[in-house]
Amino acid sequence: MTVRVQEGDFDVGAELDGLTAGNKKIGGLAVFVGLVREMHVREGYHKDRVDALTLEHYPGMTEKALEDIEAEARKRWPLEATLIVHRHGRMEPGERIVMVAVGSPHREAAFEACEFLVDWLKTRAPFWKLEETPAGEKWVGAHTGDNQAAARWEKKKA
Amino acid sequence: MKIRYFAWMKRTVGVPEEEVSPPADVRTVGDLVTWLRARSPGHAEALAEGAAFGAAVDQRTATFDVVLAGAREVAFFPPFTGG
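If you read the protein sequences in the order shown, they are chains Y and A. The numbering used here puts the first residue of the first sequence at 221, with every later residue one more than the last. The numbering used here puts the first residue of the second sequence at 3, with every later residue one more than the last.
Shown next, in the form of structure tokens:
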């Protein structure tokens with residue numbers, strides 16, 4: 221039930237403690253943490269080293285979009301707790317970019333909802349990645365795989 | 003009406019945002035795109051037909067057939083690449 225967009229890093233352990241504190245109905249917690257990776261491993265870009273990336277976003281719309289995605293997850297699965305923390309600004313390889321955590325009485329709902337949230341936030345929340353490479357700055361293009369991953373949840377819509 | 007541009011579109015257009023007063027016959031997001039193209043070569047390039055970009059009206063994702071009536075802020079941006 222919490223969505224946060226911030227420039228600074230976050231403490232995964234502290235976030236999870238805060239998320240579950242006082243809620244004894246949670247039997248399973250699924251967590252995804254996204255990191256900046258050093259190499260651009262997508263097809264055609266193997267030689268491009270990513271030194272850093274800057275995440276731009278649309279303040280105001282970003283929060284609304286993430287809240288909509290979270291609300292959709294809560295309609296689909298019985299969730300006791302949800303958390304999305306997404307950073308913006310400049311980050312170097314190894315740094316955390318995003319964290320999604322879902323608590324539910326049962327693990328299936330937690331796993332599925334966590335995956336759903338990550339898939340949809342990649343394609344529906346207004347963030348853009350600008351990569352710094354030895355060849356200069358480059359805006360990251362949308363990834364077909366991400367769109368396919370997000371689209372499979374459309375079929376499950378009631 | 004405030005128009006905002008994000009990521010590479012901001013650089014192509016040349017400004018991150020601008021205030022515009024489109025005429026009454028600019029009814030939809032699609033009409034606005036066509037009208038904005040005439041403002042400069044940068045606008046024409048960023049908002050070119052076939053270019054991959056999306057829009058939001060008052061901070062909600064909008065398709066090009068959405069009617070602008072009363073909209074205060076319209077944004078244009080490339081496909082999202084967060085996460």
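Note that the Cβ used here is the ideal one computed from N, Cα and C, for glycine as well.
In this structure, DSSP gives Gly356(Y) an extended state, which the three-state scheme calls strand. If the five residues before and after Val256(Y) are omitted, its C-beta is found closer than 7 Å to the C-beta atoms of Leu273, Met311, Glu312, Pro313, Gly314, Glu315 and Ile317, all from its own chain and listed in chain order. Under the three-state reduction of DSSP, Gln61(A) is assigned to coil, being neither helix nor strand. In this structure the region 273-290 of chain Y lies against the region 334-348 of chain Y, because at least three pairs of beta carbons, one per stretch, are closer than 8 Å. Close to Gly72(A), with beta-carbon spacing below 9 Å, lies no residue of chain Y; the smallest spacing is near 17 Å. Contacts between Gly254(Y) and chain A, judged by CB atoms closer than 7 Å, involve Gly85 in chain order.
Here Gly247(Y) really is in contact with Pro325(Y); their C-beta atoms are around 5 Å apart, less than 8 Å.
Taking a beta-carbon distance threshold of 8 Å, Leu239(Y) does not count as an interface residue toward chain A.
Chain order gives the chain Y residues near Pro81(A) as Ala362, where near means a beta carbon separation below 7 Å.
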